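Each protein sequence line maps, in turn, to chains A and B. Just so we're aligned: 100 in this note's numbering is position 80 of the first sequence, and the numbers increase by one with no gaps anywhere. Just so we're aligned: 36 in this note's numbering is position 16 of the second sequence, and the numbers increase by one with no gaps anywhere. Here the structure comes first, spelled out in structure tokens, and everything after it is commentary.
Number of protein chains: 2
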Amino acid sequence: MELIKIYACLCDLTRLRLLNVLAQGPVCVCHFQEILQEPQVKISKHLAYLRQRGLVRAERQGNWVIYALAPKPSRELKANLACLQDCARENPVFKRDAARLKKIEPSCAWVRAGELEKAPGQYRCGC
Amino acid sequence: MELIKIYACLCDLTRLRLLNVLAQGPVCVCHFQEILQEPQVKISKHLAYLRQRGLVRAERQGNWVIYALAPKPSRELKANLACLQDCARENPVFKRDAARLKKIEPSCAWVRAGELEKAPGQYRCGC
DNA sequence: GATTCGTATGCTTATTAAGGCATACGAATT
DNA sequence: AATTCGTATGCCTTAATAAGCATACGAATC
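So this is what it looks like as structure tokens:
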């Protein structure tokens, strides 16, 4: 069932952080490393987990891979992501991630990738 | 983290069904068996899971044990339970459970138990 | 006090998942 | 074509979980 799949994706802190960052727009893996301060394997595996379950899309851009939220989220997914955003607002962990994202943003060229253009938000990567 | 715990509770169909029924008010285990059409062990174990994590409270009433939603839910829990209710509205599984609950309701004496009185809704048990 | 009823728990098995290390991959660079 | 860079994956270990069977428990009844 769609709902179970969604909740399974949400019941890990790393994935929660990834999704919460992605809510601001597409991000590449290298930036996730900086923002979450977690090893590359860990991030890559959790992104794969989310990708395999359709919550997230990936697109290669040269050497980098840019991740974005799924373009056509189900009603359930949309509702739960909104709920997560709401709950994350006051949480120190998510707030810290958001701060690091803001810090990285200016030092990073904006990238426009064909496929991902349909996704919400702006492109933050270019490394 | 509170959020992770909540999502871990929500990522199982049986628990989702239990919580969705409990949103209508306290219910005893025997009625859960009728409503979910699942074996007693399964229901009892998932209720224990929810109880150990504080989403749910239990109170003995003679031979029966009546379960209810936690009396003082956190902001996160409240938000997610509301989201679940919203998502469950259109789902055939949850709708079927709700129908079975309605069917049982009239044939069942209303019980007032001391502790649980603080919980939302009405008591459905008495078997 | 023995039995019955409703519920909970211990045990076992199978599945899933998380984390880390090493390594493989594709694209760009040299 | 060899190397480098960013990312993904295979393998391993460990831990958590689900499900079912058998059994234990507490309260009521006989």
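Ideal Cβ positions, reconstructed from N, Cα and C, are used throughout, including at glycine. Quick caveat, the model's predicted, so the values are computed rather than measured.
- With a cutoff of 8 Å on beta-carbon distance, B/Leu30 and B/Leu121 are scored as not near each other.
- When the alpha-carbon of A/Gln72 is set against those of A/Ile26, A/Ala102, A/Ala108, A/Phe114, the nearest one is in A/Ile26.
- The beta carbon of B/His66 sits closer than 8 Å to the beta carbons of Asp32, Thr34, Arg35, Leu38 from its chain, once the five residues preceding and following it are set aside; these are given in chain order.
- The Cβ atoms of B/Leu56 and B/Ile63 sit closer than 8 Å to each other.
- With fewer than 16 other Cβ atoms from the protein chains shown falling within 10 Å of its own Cβ, A/Glu110 counts as exposed.
- Contact annotation: A/Leu97 and A/Leu42 have beta-carbon atoms that are not nearer than 8 Å.
- The CB of A/Ala118 never comes closer than 7 Å to any CB in chain B; the least such distance is about 15 Å.
- Burial state of B/Arg95 is exposed, judged by a 10 Å Cβ sphere holding fewer than 16 other Cβ atoms.
- Under the three-state reduction of DSSP, A/Ala118 is assigned to helix.
- Assignment of A/Ala43 by DSSP, reduced to helix, strand and coil, places it in the coil class.
- The beta-bridge partner set that DSSP reports for B/Val85 consists of B/Arg80.
- A distance below 8 Å between beta-carbons, with the five flanking residues on each side excluded, links A/Asn40 to the following residues of its chain, in chain order: Leu104, Gln105, Ala108, Phe114, Asp117, Ala118.
- Close CB contacts of A/Ile124 within its chain, under the 8 Å cut and outside five residues either way in sequence, are with His51, Glu54, Ile55, Arg144 (chain order).
- Interface flag for A/Glu96 against chain B is set, since a Cβ pair is found closer than 8 Å.
- Counted as a single uninterrupted DSSP element, the alpha helix (DSSP H) harbouring B/Asn100 occupies residues 95 to 108.
- Contact of A/Tyr87 with chain B is not assigned, every C-beta pair being separated by 8 Å or more.
- Around the beta carbon of A/Val47, 16 or more other beta carbons lie within 10 angstroms, which makes this residue buried.
- By a beta-carbon distance limit of 8 Å, B/Trp84 does not contact B/Val61. Their separation comes to about 17 Å.
- Closer than 8 Å to the CB of B/Leu36 there is at least one CB belonging to chain A.
- The bridge partners DSSP lists for B/Cys48 are B/Ile86.
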